[in-house]
Structure formats: structure tokens, C-alpha cells
Amino acid sequence: SMATAIKLLDVVALIGDFPDKNLLRGQVGTVVEILGLEVYEVEFCDDAGCTYVSAALQASQLMVLHYQPQVAA
927 SMATAIKLLD VVALIGDFPD KNLLRGQVGT VVEILGLEVY EVEFCDDAGC TYVSAALQAS
987 QLMVLHYQPQ VAA
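Numbering (my numbering), first residue to last: 927 to 999.
This is the structure:
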């Protein structure tokens, strides 16, 4: 189980490759919808803000990125 639940608008990174979606480990996206238990719609955008892939992904395929100091669990 994850220490921090994934929330709407969280910035996440892929922890694996998804060749079928043309996505690679480390690509960064934003959670735009919660589809179900541990399932999220994530949008991946280019530098101009244009979405190039939107994909339903499991929590286990994602890492939440933190921009502020976090207390280690």
C-alpha cells in the first residue's frame, strides 16, 4: 500500500515503460480524474501544455512527486 494516497491534480511520474502508449519510465503527468480504487486518468503534456497522451493507470504504476519537504514514514 502507498504511504500517500494519490489525489486529483497530483503530479506523478511513471515507474515503468508503457511502449503500447509511447510512454517511458520517468515521464511526468498530472492526475486529472479518479476512475476507481487505485485507478487514475493521467494526462501527459508537452512543454507547450498540449496533451499528447491520456491514460488510465494503476497507483502501483505511479510515483507522486513532491515539491515541498516531506516527513519520511
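Heads up, the beta-carbon is just placed ideally off N, CA and C, and yes, glycines get one too. Quantities reported herein were computed from a predicted structural model and do not represent experimental measurements.
Collapsed DSSP secondary structure at Q984 in the structure displayed: strand
Distance, A974 Cα to Q984 Cα: 26 Å
Ordered list of beta strand (DSSP E) runs contained in the region 953-981, each at least 3 residues: 954-962, 965-971
L940 versus D946 - alpha carbon distance: 14 Å
Candidates V965, E964, Q987, Q953, of which the one nearest D972 by Cα: Shortest Cα-Cα distance from D972 to any of V965, E964, Q987, Q953 involves Q953.
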